[in-house]
Structure formats: structure tokens, C-alpha cells
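In my numbering, the protein residues as written are 307 to 668. Below is one structure, written out as C-alpha cells, with a few remarks after it.
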Amino acid sequence: MILAIESSCDDSSVAIMKASDFSLVHYEKISQEKEHAKYGGVVPELAARLHTAALPAVILRAKEHFKSLKAIAVTNEPGLSVSLLPGIVAAKALATALNLPLISVNHLVGHIYSLFLSEQIKLPLGVLLVSGGHTMILDISESGVISVLGATSDDSFGESFDKSAKMLGLGYPGGPQIQNLALKGDDRAYDFSLPLKGTKRLEYSFSGLKNQVRLACLELENSRIPSKNSRIPSENSRIPSDNSRIPSKNSRIPSQQKANIAASFERVACLHIIDRLKLAFSSQKWARFGVVGGASANLRLRGMLESLCASYDCELLFAPLEYCSDNAVMIARAAVAKYHNKDFCQNLEMHPRSSLENLKII
Ligand code: KG4
Ligand code: ZN
Numbered sequence: 307m308i309l310a311i312e313s314s315c316d317d318s319s320v321a322i323m324k325a326s327d328f329s330l331v332h333y334e335k336i337s338q339e340k341e342h343a344k345y346g347g348v349v350p351e352l353a354a355r356l357h358t359a360a361l362p363a364v365i366l367r368a369k370e371h372f373k374s375l376k377a378i379a380v381t382n383e384p385g386l387s388v389s390l391l392p393g394i395v396a397a398k399a400l401a402t403a404l405n406l407p408l409i410s411v412n413h414l415v416g417h418i419y420s421l422f423l424s425e426q427i428k429l430p431l432g433v434l435l436v437s438g439g440h441t442m443i444l445d446i447s448e449s450g451v452i453s454v455l456g457a458t459s460d461d462s463f464g465e466s467f468d469k470s471a472k473m474l475g476l477g478y479p480g481g482p483q484i485q486n487l488a489l490k491g492d493d494r495a496y497d498f499s500l501p502l503k504g505t506k507r508l509e510y511s512f513s514g515l516k517n518q519v520r521l522a523c524l525e526l527e528n529s530r531i532p533s534k535n536s537r538i539p540s541e542n543s544r545i546p547s548d549n550s551r552i553p554s555k556n557s558r559i560p561s562q563q564k565a566n567i568a569a570s571f572e573r574v575a576c577l578h579i580i581d582r583l584k585l586a587f588s589s590q591k592w593a594r595f596g597v598v599g600g601a602s603a604n605l606r607l608r609g610m611l612e613s614l615c616a617s618y619d620c621e622l623l624f625a626p627l628e629y630c631s632d633n634a635v636m637i638a639r640a641a642v643a644k645y646h647n648k649d650f651c652q653n654l655e656m657h658p659r660s661s662l663e664n665l666k667i668i
């Protein structure tokens with residue numbers, strides 16, 4: 307059995323997996339979402355303090371399995387340094403106390419393994435990684451080498467949901483809030499422009515769309531409710547960068563308008579993902595494509611990906627909904643692959659900003 311610890315952002319999580327058949331023996335996750343919600347995003351110092359308080363107790367609740375452990379795994383990259391550190395310290399302490407080897411796991415590789423939690427990994431594979439910190443299109447070769455085909459040049463997909471939700475006065479994390487509110491809205495009410503439309507650049511950009519949401523909110527704040535398809539300034543127009551002009555509890559926007567903005571934003575954000583993916587699909591011959599990361603739980607995105615993959619005769623893989631967001635099960639699964647390769651870590655270091663390029667995942 308391998309015990310894995312995940313603490314790269316705002317979840318303190320521990321899982322134990324059997325290396326022989328990937329069966330899950332133990333799993334617990336303590337989410338800090340409620341504590342960060344009042345600030346509309348993750349506050350690093352608060353996250354560090356909460357991890358330090360939660361991790362010893364979460365680890366000790368797995369104590370009955372300690373005698374069966376063969377290795378301790380931990381996320382050591384990428385992530386918030388103040389969040390990674392308590393996990394790494396705990397893993398080192400446990401490994402020393404139990405005299406076990408350490409396995410370091412890249413958080414993003416963990417997300418990729420969330421597609422294969424209880425089975426062998428299937429390669430080659432195309433991957434869309436959409437989380438709070440990353441938005442990437444990846445190609446993984448038969449031998450497990452990752453190539454980054456495209457990434458975001460500013461905000462990530464999940465981050466654009468979080469920031470738009472904050473402007474609309476919704477809670478944190480913004481992804482589920484926007485998704486739920488969007489169900490009540492008209493997704494054509496706002497004619498937000500599609501980022502990078504008509505270009506051949508294989509990259510993402512969500513900051514312009516976010517600013518269009520900001521302007522729509524400002525316009526409503528000023529009680530000039532725009533009519534259907536009212537002109538929204540293009541993403542290139544000069545936009546004030548002063549967040550403080552939008553109150554975080556935006557109660558002055560009528561609820562139907564909020565729902566319309568949420569739905570219009572979600573539609574265009576997902577269309578942007580698909581629009582750029584079409585470029586990638588036209589040059590890659592993927593037989594299998596997976597979507598991972600916290601934001602891969604978005605149902606509109608899942609529906610659009612299903613149509614895209616069907617049109618390219620490509621099998622679409624999702625992680626189970628409960629394992630899309632950060633969790634230690636995916637870290638344990640990635641660690642099992644390393645355990646079988648005897649890929650242990652002699653000198654475990656933290657790398658808050660690491661790249662996936664050319665990393666080998668098997
Ligand atoms: O992978 P994750 O749990 O943490 C990071 O590694 O960043 O992803 C969290 C992100 C947040 O930005 C959250 O708003 C977003 O995933 N998210 C969603 C949805 N559920 C979570 N975004 C869009 N739609 C959702 N249903
Ligand atoms: Zn993540």
C-alpha cells in the first residue's frame with residue numbers, strides 16, 4: 307500500500323492505494339473552501355495555517371494501515387509554496403518514522419492519472435487540463451512523454467469562473483456557482499466576443515472575456531441595463547483594471563441579469579476551449595482524449611467535448627466527478643506507477659512552479 311498526501315492548494319487530503327490492483331483502501335479530504343469563500347479566492351497564509359492544523363489529524367486517521375505501507379507519496383510540484391510545504395514536511399516526517407521511501411508526485415500528472423484511477427494507463431493520449439491554476443492542451447506519447455501543445459497566456463479557465471463569480475457577488479469556488487446560476491439565464495443575452503477568434507494560435511486567453519464581464523457588471527451597476535445583444539466593448543478596448551470598482555457582494559445587479567451574464571460568460575468560455583481544441587484536433591490524430599482538472603466538472607464543457615470527440619471519432623475520457631477537483635487519490639494512483647518503476651526520491655524538493663514539458667509519466 308502507498309499513502310499519498312496532497313496539499314498543493316486549498317485541500318488537505320490523504321489516500322491509501324494498493325499497488326497491486328489500484329484498490330482504494332482509505333481516503334479523506336478536508337476542503338478549506340468555506341474559509342476562503344469570504345475572501346473570494348484562496349488566501350495563501352490562511353491555506354498554510356489550515357493545512358498545518360489539518361494534516362497531522364488526517365494522517366493519523368489512517369493509522370491502522372501504517373504497518374502495510376511500502377512508501378509515502380506527496381505532491382511536491384506545482385502549487386502554492388506555503389501549501390506544498392506542510393504536505394512535504396508531513397510526508398518526510400512519516401517516511402522517517404516508518405522507515406519508508408518517499409515518492410514525489412507532480413500535481414498535474416496526478417490529474418492525468420485521475421482518468422485511470424483503477425486501471426492501467428492507456429497511451430497515447432490527448433489531454434485538456436483545466437483547473438484553477440492551469441489551462442493546457444497536452445499530447446502524451448506512447449512512451450508517456452508529455453508535450454505541451456498550448457496553454458493560457460493569462461488567466462486559467464477555472465480562474466476566469468472564480469473571478470467572474472466574484473464580480474457577480476457569487477461565492478467561491480466560482481465554477482459550480484456560475485454553472486448553477488447559468489442554468490437560469492439566457493446564454494445569448496450578452497454578445498461577449500470569442501477570444502482569439504480567427505487566429506491560428508494554439509493558446510488560450512480569458513482575461514479579455516473576464517473584462518467583458520466586468521464591463522457588463524459596471525453597466526448594470528450604473529443602472530443602465532443593456533438591451534439584448536447590446537454592444538460590449540471588445541477585449542482590446544482600454545478597460546480599467548481597478549477591481550475595487552465592482553463590489554464583491556454585487557447585490558445591485560438584478561438576479562435575472564446576473565444569471566444572463568453567468569450563462570453568456572460560460573457559453574463563450576467553453577466555446578473558446580472548443581474553438582482552440584479544433585485547431586489541435588486538426589493536426590493530431592488522437593484515438594483517445596481525456597479532460598482533467600477541477601474545471602473538467604463543468605457540464606456544458608463536457609457536452610461540447612462529447613460532440614467534438616464524436617466528430618473526430620475519438621474516445622472521450624473523463625475522471626469521475628468527485629475526483630475532478632484536487633484529491634489525494636489521483637496522487638496515490640500516480641505514485642503507484644512510480645512505485646512499480648522503483649522511482650523513489652532520495653532528496654525530495656519543492657518546485658512551486660514547474661513545467662510539464664518533456665516530463666515522462668510512466
Ligand atoms: O483542480 P482544482 O481542484 O484546483 C487546482 O489545481 O487549481 O480546480 C479548481 C478550479 C476552480 O477554479 C473552480 O472554480 C473550478 O476548478 N471548477 C469549475 C467547476 N467546478 C470547479 N469551473 C467551471 N465549472 C465547474 N463546474
Ligand atoms: Zn488541481
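Using N, Cα and C, we set each Cβ at its ideal position, and we do this for glycine too. Predicted model only: the values in this text are computed from it and were never measured.
Would a C-beta distance cut-off of 7 angstroms place residue i and residue j closer than the cut-off?
{"i": "HIS357", "j": "SER313", "result": "yes"}
{"i": "GLY480", "j": "GLY438", "result": "no"}
{"i": "SER511", "j": "SER462", "result": "no"}
{"i": "VAL454", "j": "LEU665", "result": "no"}
{"i": "LEU607", "j": "CYS576", "result": "yes"}
{"i": "ILE271", "j": "VAL320", "result": "Since the displayed the chain opens at 307 and closes at 668, residue 271 lies outside it and no answer follows."}
{"i": "VAL270", "j": "PHE467", "result": "Because the chain in this structure spans residues 307 to 668, residue 270 falls outside the shown range and cannot be described."}
{"i": "TYR697", "j": "ALA634", "result": "Lying outside 307 to 668, the shown extent of the chain, residue 697 is not represented and no answer is given."}
{"i": "TYR478", "j": "GLY393", "result": "no"}
{"i": "ALA638", "j": "ALA403", "result": "no"}
{"i": "ALA399", "j": "LEU361", "result": "no"}
{"i": "ILE567", "j": "ALA522", "result": "yes"}
{"i": "ILE308", "j": "TYR618", "result": "no"}
{"i": "ALA343", "j": "VAL388", "result": "no"}
{"i": "PHE258", "j": "SER424", "result": "What is shown of the chain runs 307 to 668, which leaves residue 258 out entirely."}
{"i": "ALA625", "j": "LEU421", "result": "yes"}
{"i": "GLY491", "j": "ALA603", "result": "no"}
{"i": "LEU622", "j": "GLU612", "result": "yes"}
{"i": "ILE446", "j": "LEU429", "result": "yes"}
Along the chain, where does the alpha helix (DSSP H) containing residue i start, and where does it finish?
{"i": "LEU473", "result": "A small fix is needed here, since residue 473 is Met in this sequence, not Leu. Taken as a continuous stretch (DSSP letters only), the alpha helix (DSSP H) holding MET473 covers 463 to 473."}
{"i": "PHE571", "result": "561 to 589"}
{"i": "ILE394", "result": "387 to 404"}
{"i": "ALA303", "result": "Absent from the model: residue 303. The displayed extent of the chain is 307 to 668, so no value can be given."}
{"i": "GLY514", "result": "513 to 527"}
{"i": "ARG494", "result": "Note, ARG494: premise wrong, no alpha helix (DSSP H); not H, not E."}
{"i": "CYS651", "result": "No alpha helix (DSSP H) holds CYS651; DSSP gives it neither H nor E."}
{"i": "MET610", "result": "605 to 617"}
If you run the structure through DSSP and keep just helix, strand and coil, what is residue i?
{"i": "VAL451", "result": "strand"}
{"i": "ASN486", "result": "helix"}
{"i": "ILE365", "result": "helix"}
{"i": "GLU663", "result": "coil"}
{"i": "LYS335", "result": "strand"}
{"i": "ALA641", "result": "helix"}
{"i": "ASP548", "result": "With a pLDDT of 37 at ASP548, under the threshold of 50, the modelled position of that residue is not reliable, and the figure given next carries that caveat. Three-state DSSP puts ASP548 in coil, outside helix and strand."}
{"i": "VAL320", "result": "strand"}
{"i": "VAL415", "result": "helix"}
{"i": "LEU435", "result": "strand"}
{"i": "ALA377", "result": "strand"}
{"i": "TYR510", "result": "strand"}
{"i": "GLU341", "result": "helix"}
{"i": "HIS657", "result": "coil"}
{"i": "MET307", "result": "coil"}
{"i": "PRO350", "result": "helix"}
{"i": "GLY477", "result": "coil"}
{"i": "LEU421", "result": "helix"}
{"i": "SER557", "result": "coil"}
{"i": "SER631", "result": "coil"}
{"i": "LEU429", "result": "coil"}
Return the first residue and the last residue of the beta strand (DSSP E) that residue i is part of.
{"i": "SER410", "result": "408 to 412"}
{"i": "LEU502", "result": "Where LEU502 is concerned, there is no enclosing beta strand (DSSP E), given that its DSSP letter is neither H nor E."}
{"i": "MET442", "result": "441 to 446"}
What does DSSP give as the partner residue(s) for residue i in the beta ladder?
{"i": "PHE624", "result": "VAL597"}
{"i": "GLU312", "result": "SER319"}
{"i": "GLU383", "result": "ASN412"}
{"i": "GLY456", "result": "ILE443"}
{"i": "LEU255", "result": "No answer is possible for residue 255: it lies beyond the span of the chain, which begins at 307 and ends at 668."}
Residue i: beta carbon under 6 angstroms from a heavy atom of the ligand PLP?
{"i": "GLN426", "result": "As presented, the structure is devoid of the ligand PLP, carrying the ligand KG4 and the ligand ZN as its sole ligands."}
*asked:* I'd like to know if the segment 569 to 587 and the segment 489 to 507 are in contact, where contact means that at least 3 CB-CB pairs between them fall below 8 angstroms.
replied: yes
*asked:* For the pair the segment 583 to 599 and the segment 426 to 434, tell me if three or more CB-CB distances fall below 8 angstroms.
replied: yes
*asked:* Check whether the segment 381 to 394 and the segment 643 to 662 are in contact - that is, three or more C-beta pairs closer than 8 angstroms.
replied: Contact annotation: the segment 381 to 394 touches the segment 643 to 662, with at least three C-beta pairs closer than 8 angstroms.
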